[in-house]
Ligand SMILES: [Zn+2]
C-alpha cells in the first residue's frame, strides 16, 4: 500500500452504537481500503435504555459492545472521552463518583481534548454530526459544536458532517408507517426538523459491499436492542430483512464543510 494514499480519518460519536447507525459502512470501507480509522466516543452511554437486569453495569457492557463493533469495522484505535451520557433531555445529573455529563463540560475544554487527538493522529479528516445532531439528542449537538472547534484548533484539513437527507427519510417513514408499527420511543415526525435537506449533501458513500459488517456492528450493541417491555428501534432495524436493510442502510451521507480561511 503506497504510504501517500493512506489517510487518517477520525470519526467522533456521542454514544457507543451511534457509529453503527450513521457511519459504520464508511468506516469499514475506509479500513478495507487501507486508511487509518480512529473512533472517538464522547460518553459511556450509561443513561441509554436497556432491560433493567443490565442497567447496573451498563457502562461496562456498552464499552465491551463498542470494542466488538470497532473490531468488526476494522477500527485502528478507539478512544473514549469518558463523559457521562447527558440523557435525551440533557438533564442527567452527575452521579456521586461518576463522570461529568458531556453537556455540563465546557465546549472549549472538550474541544482542546479532541484537538490533541487530532494533532497526535495527524488527522486528514474529522467526521462529526450536523448542527441538529441528526435527530437532536443534546449530546449529539454538543459533539457537533466540540468537533467544529477542535478541527479549528488543530487545523484539520477536512470536516465532514455525517447526516441524512431529511426529505427522503420523511417520505420513507410515512410510507413504512402505513404497514409497520414503530416502537413508542421512535417519533417519525421528529425527522421533519432533523438532519439536512437533500440539496445540502455533498457526498454519498455506497456501503452495500460492507453491509454485513454494518449489520454486525449494529448487532454488537445488543444491550441497545433490549428493554423491560415494548420494542427498541435497534431491534426493529435488525429485524428488517436483508434486501430492505441494504436498501435503507446501503448509503451513508455527508456534507463537506467549506474550508474556513480566516
Ligand atoms: Zn447517540
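Residue numbers (this note's numbering): 2 to 263. We put the CB at the ideal spot given by N, CA and C, even for glycine.
Beta-carbon proximity list for residue i, same chain, < 6 Å, skipping 5 on both sides
i: residue 217; result: 73
i: residue 249; result: none
Residue-level contact to chain D via CB, residue i, 9 Å cutoff
i: residue 217; result: Reference to chain D is not applicable here, since this structure consists of a single protein chain.
Buried or exposed by the 16-neighbour rule on C-beta atoms within 10 Å, applied to residue i
i: residue 215; result: buried
i: residue 9; result: buried
i: residue 190; result: exposed
i: residue 17; result: buried
i: residue 205; result: exposed
i: residue 90; result: exposed
i: residue 225; result: buried
i: residue 93; result: buried
i: residue 65; result: exposed
i: residue 176; result: exposed
i: residue 161; result: buried
i: residue 35; result: exposed
i: residue 129; result: buried
i: residue 57; result: exposed
i: residue 192; result: buried
i: residue 116; result: buried
i: residue 200; result: exposed
Residues sharing a beta bridge with residue i, DSSP
i: residue 81; result: 42
i: residue 253; result: 206
i: residue 17; result: Per DSSP, none; premise fails for residue 17.
i: residue 111; result: None; residue 111 has no bridge partner.
i: residue 10; result: 38 and 126
i: residue 102; result: 85
Contact under 9 Å by Cβ, residue i with residue j
i: residue 202; j: residue 256; result: yes
i: residue 21; j: residue 103; result: no
i: residue 15; j: residue 140; result: yes
i: residue 208; j: residue 30; result: yes
i: residue 163; j: residue 27; result: yes
i: residue 118; j: residue 11; result: yes
i: residue 75; j: residue 60; result: no
i: residue 114; j: residue 37; result: no
i: residue 239; j: residue 135; result: no
Chain-order list of residues whose beta-carbon lies under 7 Å from that of residue i (same chain, five-residue window excluded)
i: residue 112; result: 147, 150, 151 and 154
i: residue 165; result: 196 and 254
i: residue 244; result: none
i: residue 67; result: 17, 42 and 79
Beta-carbon proximity list for residue i, same chain, < 8 Å, skipping 5 on both sides
i: residue 3; result: Summary for residue 3: the model assigns pLDDT 46, below 50, so the residue's position carries little reliability; its value from the coordinates is reported in the next sentence. Cβ within range, chain order: n/a, list empty.
i: residue 125; result: 8, 9, 10, 157, 158 and 159
i: residue 100; result: 45, 83, 84 and 85
Taking only runs of the alpha helix (DSSP H) that begin and end inside the stretch 165-244, which ones reach a length of at least 4 residues, in chain order?
167-177, 212-221 and 234-240
List in chain order: all unbroken alpha helix (DSSP H) runs of 4+ residues lying wholly within the stretch 120-171.
134-137 and 139-155
Around ligand 2, what residues have a beta-carbon under 5 Å from a heavy atom of it, in chain order?
Ligands displayed in this structure: ligand 1; ligand 2 is not among them.
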